[in-house]
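Novice:
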Amino acid sequence: MRRNSRRTERLRLRFRLRKIVSSPISTLVFFLTLALTLPCLSFAGHLEPFKSVPIPKNNSQTPEKIELGKKLFFDRRLSGDGTMSCATCHVPEQGYADGQDISQSYPTTRNWRNSQTLYNVGMYKSLFHDGRVKTLEEQALFPMMSAFEMNQNLDFVEEEIRVVPEYLEAFKKVFGGEPTRERIAMAIAAFERTIVSLNAPYDKYLKGDVNALSGDAKKGLDIFKGKGKCIECHHGPNLSDDKYYALNVPENLALADDPRVTATMRFVAKVYHYPNYRDLKEDPGRYLITKKQGDWKAFRTPTVREVSRTGPYMHNGVFASLDEVIEFFNSGGGKGNRYLKPLGLSADEKKELKAFLVDALSGEELKITYPDVP
Amino acid sequence: MAAGPVVKKIMDTYKGKVRLIIKNYPYKYRDYSHIAAEASLAAADQGKYWEMHNLLLKNSPKLDRESLVTYAKELGLDLKIFTAAIDSKKHAAEIERDKKLAFDRDLYNTPTYFINGRKVVGNRSYEYLKQIIEEELKSAKK
C-alpha cells in the first residue's frame, strides 16, 4: 500500500514538473531566475563570428574621411608639446596598444592605466576602462585634453590644424567646412572603425570550417564555454558583454609610491568630483563615473580578440602574460570579489585554453600604410 | 621604473655579448634637461656616468647647476674639471647631434631602445628586453 502511494506521489510530481516546464510563463520565470543568479550570464551568452563594425548614422565612413582620420591619428600636433600622437599609445605593431603595463605618458607625468587595444574598438557600447563615454567621437577628444596623456588645448589644436593647407583642403572635401574639434574626432573615429580583427580561425570555425582550429584550440574553446566560464562575460561578436565587474585585480606594485601616479589619480578623481580625492589610495574604476557602490573598482570587460598581441593585461597591466591571467581566473580572481570562483583547471586545461586564446583569436595581420602627415 | 637599472642589469647579464650606445634626448620644455645631459657626460669623462645618471634620476627635478655640482662632489669627481665642462657646454655639439638623430628618425619618447634595429618605445621590464636580446643573439648565431 505504502509503496503504491509513494509511486502515485512520484508520478504526480513528475506530471506537475512536466506541466511547469512546458508552460511558457514558467519557462521564462525559470530563465529569469537563472539569469539573476548568474550576474555575468545574460541571454546573449553565445558566440558568433565577426561580421562588421556598426557605423553611426551621423558619421558615415568614406575613404577620404578614413584617410584624414589616419593622418590625424599619427599627428603629434594633437599633443601639447608635439611629442605624442594617438599612435604613441596605440602602436600598430603592438596590437594597437603600447605593450607596456601602464600606458605611455605625457613627458614628466605618469599614466595610471593600461593602454587598451583598438582592435574592434568600434564594437564597444562604451569606451575607456571605466566606460565614461559611449562613442568613439566623444572618446577621441579625452586623451587630447588629458594632462597626463596628450595635454593639448582643444581651441589651440583647432588653430594648429587650420594653418595646415593640406588639412584645410581635406576637411573641406570630407566635411564641407573647416577643421573643428568635433570633425577631428569624427575623422579619427572613422579610422579607428577600420581597426578590426579579421578572419581569425575562431571566426572560420564558427562559420563551419571544422578544421580551422587545432585539437588543443578546440578543447580550449570547450573550456572557454564550459569549465572556464569565460563565455559568461566574453561573448557576442566582440567577445565582451560591455559590462563592469570588480574582480579585485591585484594592485600594480610598479605604481606604488610614485608621486606622479598619485597626482594622476587625484587629478582624475577631482575632475569626477570625488569628495576626498587626496585620500584616494586605489583606482576606483567605474565608481568615479556612476558613484554607485557596486561599481567600486569595477572595470569593463575587454574583448579577448587578438589577446595574444595586446598584453600586458588588466586595467593596470599587472599581468604580463596570458598564463598569469589564466591563473588569476583559475584561482577565483582577486580576494573578496563576488563574481569569480576557483575553476579547478588542470595544467592541460590551462594549456588548451591558452591555445584557444592565442591560436584561435588571432586574426590575419592588419596591414597599415603609414600616412604622410602634412 | 627607470630605464637605467634595467639596462645595467641587461649589460651585466650579457657581458661581452651586447654593446650599449646611449644617446641624449633632453626634453625641450624642461629648464635643466640640457645642463643635466652635460653633467652626465662630464661625469662620464671621469668614469662615473652611471653613478651620475642614478643621482640625476633620484633627485629630478632638482637639477639646477648648484645641485649638479653637489652631486659631482658626492661622487668624488674633480670639481674643477666638472664645472668647467658644464659651464663651457663641452658636450653641446654631441647632445645636439643626438637630438638631430632623434628628430630625423621621428623619435620623441624616452626611453626609446633600438636592439639590433628593433624599436622599443617606453620603459620596459628586464624580462621584456631579455627576450628580444635572446632572439637577436639566436638569429646572430645562425
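Going down the list, the sequences are from chains B and H. The first sequence maps to residues 1 to 374 in the working numbering. The second sequence maps to residues 375 to 516 in the working numbering. Glycine residues also receive a C-beta, built at the ideal position from the N, C-alpha and C atoms.
Counting only beta-carbon atoms, is residue 483 of chain H nearer than 8 Å to chain B?
Specialist: Answer yes: the Cβ-Cβ gap between residue 483 of chain H and chain B drops below 8 Å somewhere.
Novice: If we ignore side chains and look at the alpha-carbon of each, how far apart do residue 36 of chain B and residue 246 of chain B end up?
Specialist: Residue placement at residue 36 of chain B is poorly supported in this model, since its pLDDT is 36, which falls under 50; the coordinates still yield a value, given next. Cα-Cα distance, rounded: 17 Å.
Novice: Determine the chain H residues that contact residue 81 of chain B at a beta-carbon separation under 9 Å, and present them in chain order.
Specialist: Result: 401, 402, 403 and 482.
Novice: Just confirm the distance between the C-beta atoms of residue 237 of chain B and residue 49 of chain B, as a whole number of angstroms; I'd bet it's less than 8 Å.
Specialist: Contact holds; Cβ gap of about 7 Å.
Novice: Going along chain B, which residues have a C-beta under 8 Å from residue 495 of chain H?
Specialist: Neighbours of residue 495 of chain H on chain B, chain order: 88, 91, 98 and 104.
Novice: Within 10 Å of its beta-carbon, does residue 285 of chain B have 16 or more other beta-carbons around it, so buried, or fewer, so exposed?
Specialist: So residue 285 of chain B counts as buried.
Novice: Note down, in chain order, every chain H residue with its Cβ under 7 Å from the Cβ of residue 76 of chain B.
Specialist: The answer, in chain order, is 482.
Novice: Between which two residues does the beta strand (DSSP E) holding residue 486 of chain H run?
Specialist: First-last of the beta strand (DSSP E) with residue 486 of chain H: 486-489.
Novice: Between residue 414 of chain H and the rest of its own chain, which residues show a CB-CB distance below 7 Å, the 5 nearest in sequence each way excluded?
Specialist: Closer than 7 Å at Cβ, skipping near neighbours: 423, 426, 427 and 430.
Novice: What number of angstroms, rounded off, separates the C-alpha of residue 92 of chain B from the C-alpha of residue 368 of chain B?
Specialist: In a straight line, the C-alpha of residue 92 of chain B is about 8 Å away from that of residue 368 of chain B.
Novice: Run down chain H in chain order and give the residues with a C-beta less than 7 Å from the C-beta of residue 107 of chain B.
Specialist: Under the 7 Å cutoff, chain H gives 401.
Novice: Determine, using beta-carbon pairs with one atom in the region 299-312 of chain B and one in the region 134-143 of chain B, whether at least three such pairs fall under 8 Å.
Specialist: No: the two stretches stay apart, fewer than three of their Cβ pairs being nearer than 8 Å.
Novice: Between B/90, B/107 and B/136, which has its C-alpha nearest residue 123 of chain B's C-alpha?
Specialist: Among B/90, B/107 and B/136, the Cα nearest to that of residue 123 of chain B is on B/136.
Novice: Can you tell me whether residue 240 of chain B is buried or exposed? The criterion is at least 16 other CB atoms within 10 Å of its CB, across all chains shown.
Specialist: Result: buried.
Novice: Leaving out five residues before and five after residue 132 of chain B in sequence, what residues of the same chain have Cβ atoms less than 7 Å from its Cβ?
Specialist: Closer than 7 Å at Cβ, skipping near neighbours: 289.
Novice: Can you tell me whether residue 127 of chain B is helix, strand or coil according to DSSP?
Specialist: Looking at residue 127 of chain B - three-state DSSP - the assignment turns out to be strand.
Novice: Give a yes or no on whether the C-beta atoms belonging to residue 493 of chain H and residue 384 of chain H are separated by under 8 Å.
Specialist: Cβ atoms of residue 493 of chain H and residue 384 of chain H: not closer than 8 Å.
Novice: Does the Cβ-Cβ distance between residue 81 of chain B and residue 399 of chain H come in under 8 Å?
Specialist: No, they are not a contact pair.
Novice: Quick one: Cα of residue 176 of chain B to Cα of residue 468 of chain H, how far?
Specialist: Roughly 48 Å separates the two Cα atoms.
Novice: Identify the continuous alpha helix (DSSP H) that holds residue 382 of chain H and give its terminal residues.
Specialist: Residues 377-387.
Novice: What separation, rounded to the nearest whole angstrom, lies between the Cα atoms of residue 306 of chain B and residue 235 of chain B?
Specialist: The straight-line gap from Cα to Cα measures roughly 14 Å.
Novice: Taking Cβ to Cβ, would you say residue 96 of chain B is nearer than 8 Å to residue 195 of chain B?
Specialist: Closer than 8 Å, so yes.
Novice: List the whole-angstrom C-beta distance separating residue 69 of chain B from residue 191 of chain B, where the pair is believed to meet the contact cut-off of C-beta under 8 Å.
Specialist: Residue 69 of chain B to residue 191 of chain B, Cβ: 3 Å. Contact.
Novice: Going by C-alpha to C-alpha distance, which of B/360, B/266, B/111 and B/273 sits closest to residue 254 of chain B?
Specialist: Residue B/111 is the option with its Cα nearest to residue 254 of chain B.
Novice: Within the continuous beta strand (DSSP E) that includes residue 512 of chain H, where are the two ends?
Specialist: First-last for residue 512 of chain H: 500-515, but that is the alpha helix (DSSP H), not the beta strand (DSSP E).
Novice: If you draw a straight line from the alpha carbon of residue 392 of chain H to that of residue 465 of chain H, how long is it in whole angstroms?
Specialist: Cα to Cα, the separation comes out at about 25 Å.
Novice: Measure the Cβ-Cβ separation of residue 228 of chain B and residue 353 of chain B and say whether it is below 8 Å.
Specialist: The answer is yes: Cβ separation under 8 Å.
Novice: Out of curiosity, what's the CA-to-CA distance linking residue 63 of chain B and residue 203 of chain B?
Specialist: Going by the C-alpha atoms only, they are around 26 Å apart.
Novice: Could you check where the alpha helix (DSSP H) with residue 268 of chain B kicks off and where it finishes?
Specialist: Its alpha helix (DSSP H) spans residues 259-271.
Novice: Give me the Cα-Cα distance between residue 340 of chain B and residue 248 of chain B, rounded to the nearest whole angstrom.
Specialist: One C-alpha to the other measures close to 10 Å.
Novice: With a CB to CB cut of under 6 Å and the five nearest residues on each side skipped, what residues in its chain are close to residue 205 of chain B?
Specialist: So the qualifying residues of the chain are 212 and 213.
Novice: Throw me the rounded Cβ distance for the residue 113 of chain B and residue 103 of chain B pair, which I believe falls under 8 Å.
Specialist: Confirmed, Cβ separation roughly 6 Å.
Novice: If we ignore side chains and look at the alpha-carbon of each, how far apart do residue 165 of chain B and residue 71 of chain B end up?
Specialist: Computed Cα separation, rounded: 14 Å.
Novice: How many angstroms separate the CA atom of residue 516 of chain H from the CA atom of residue 471 of chain H?
Specialist: Whole-angstrom Cα-Cα distance: 35 Å.
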